[in-house]
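Peer 1:
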Amino acid sequence: MLIRRAASLTSAAVNLHIRRFSTASLFQEADNPLQFTYLDGLPRPNPKHDETILAIAREVSGKSIATKERIAGRVPSIVFEAKDGQHGGNKRLISVHGNQIKKLVDHLGQSFFRSRTFDLEIRPEFGSNDIVEKVRVLSRKFSSVLVFVWSRWHDMATGFGKNGGSCGLESVNVIERHVNRLIKINLKLHLHAGTDAVLNVTFIRAPSDAWLKVDVPLVYRGDDVSPGLKKGSSLNIIKRTIKYLCPADIIPPYIDVDLSELDVGEKIVAGNLNVHPALKLLRPKDEVVVKIMGARISDQKKSK
């Protein structure tokens, strides 16, 4: 990961007081933006995963519009300005290809998708060569339910339901209200062992001078040679991601967590993780990430 010269966050970037859950909380800016380059030996994004997300601009929002977009195979989305996101700064309504977002999420995984920046091209309509806006973005969040539920929506709205008739847009809106309620309380509908369908995505602009709060995925390696695990102890993974304040140009695709020398009773804490020096840890340094649990006494007796 990256640095051209030693750098630390300015006090303005670290101590900026903003609402914890606002869009602006994803963005902080240094007084004097620095240029960074990737450092050898630390993870960097794989170019083969680079992809431009295509979108079309839309003028209106609302549940009925969102429903029509989803029926057409598009995902209603929003792009916010990083600096003034909590006030809807430079907000643009867009729709993206459902298949493209699904492919990226399936390929990268949810955590890795949400910790990557992408080029976003906004056009008047799909197939047009005109570009309304091209910007680097970070996915702030997305909501999804099982494809089974989405297919029920589509069947009922288009007249291909079980009974062969359409239930009308009013009934579809009733279904959507119930599903939206489940999304707001962070539940998924486990009605079918199918693939998740993305219902909406929120993007935040990520210019080079931005500092973004990102939940970076942790990748655990070396468990096959860990001394503690070879002795029959168990691996207790406590964190799958960890939050950092990152320069937009060097958001790590993941963080390597080396388990190869971990013995019984030993642990790795957040402050021990090997990351780029420009990254600011937003969790306590002594927060446990992973540890090797000793075998229970009953298990030890059984082995004897």
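Residue 24 is where the sequence shown starts when you use this note's numbering, and the numbers rise one by one after that. Just so you know, even glycine gets a beta-carbon here, dropped at the ideal spot from N, CA and C.
By DSSP, does residue 138 sit in helix, in strand, or in coil?
Peer 2: coil
Peer 1: Determine the burial state of residue 223: buried for a count of at least 16 other Cβ atoms within 10 Å of its Cβ, exposed for fewer.
Peer 2: buried
Peer 1: Start and end of the beta strand (DSSP E) containing residue 250?
Peer 2: From DSSP, residue 250 is part of no beta strand (DSSP E) but of the alpha helix (DSSP H) over 250-253.
Peer 1: Residues in its own chain within less than 8 Å of residue 197 by CB, not counting five upstream and five downstream?
Peer 2: Residue placement at residue 197 is poorly supported in this model, since its pLDDT is 47, which falls under 50; the coordinates are not used for a value here.
Peer 1: On the criterion of 16 or more Cβ atoms from any shown chain inside 10 Å, does residue 227 qualify as buried, or is it exposed?
Peer 2: buried
Peer 1: If you reduce the DSSP assignment to three classes, tell me which class residue 93 lands in.
Peer 2: helix
Peer 1: Would you decide whether residue 40 is buried or exposed? Buried here means 16 or more other CB atoms lie within 10 Å of its CB.
Peer 2: With a pLDDT of 40 at residue 40, under the threshold of 50, the modelled position of this residue cannot be trusted, and the question is left open.
Peer 1: Is the beta carbon of residue 289 less than 7 Å from the beta carbon of residue 315?
Peer 2: Going by C-beta atoms, residue 289 is nearer than 7 Å to residue 315.
Peer 1: Which of the three DSSP states is assigned to residue 124 in this structure?
Peer 2: In the three-state scheme derived from DSSP, where H, G and I count as helix and E and B as strand, residue 124 is classed as helix.
Peer 1: In terms of alpha-carbon separation, which member of 250, 244, 136 and 220 lies closest to residue 238?
Peer 2: 136
Peer 1: What first and last residue would you give for the beta strand (DSSP E) that runs through residue 270?
Peer 2: Start and end: 264-270.
Peer 1: Spatial neighbours of residue 160 within its chain, please: C-beta separation below 7 Å, excluding the five flanking residues on both sides.
Peer 2: 102, 140, 141, 143, 226, 227, 228 and 229
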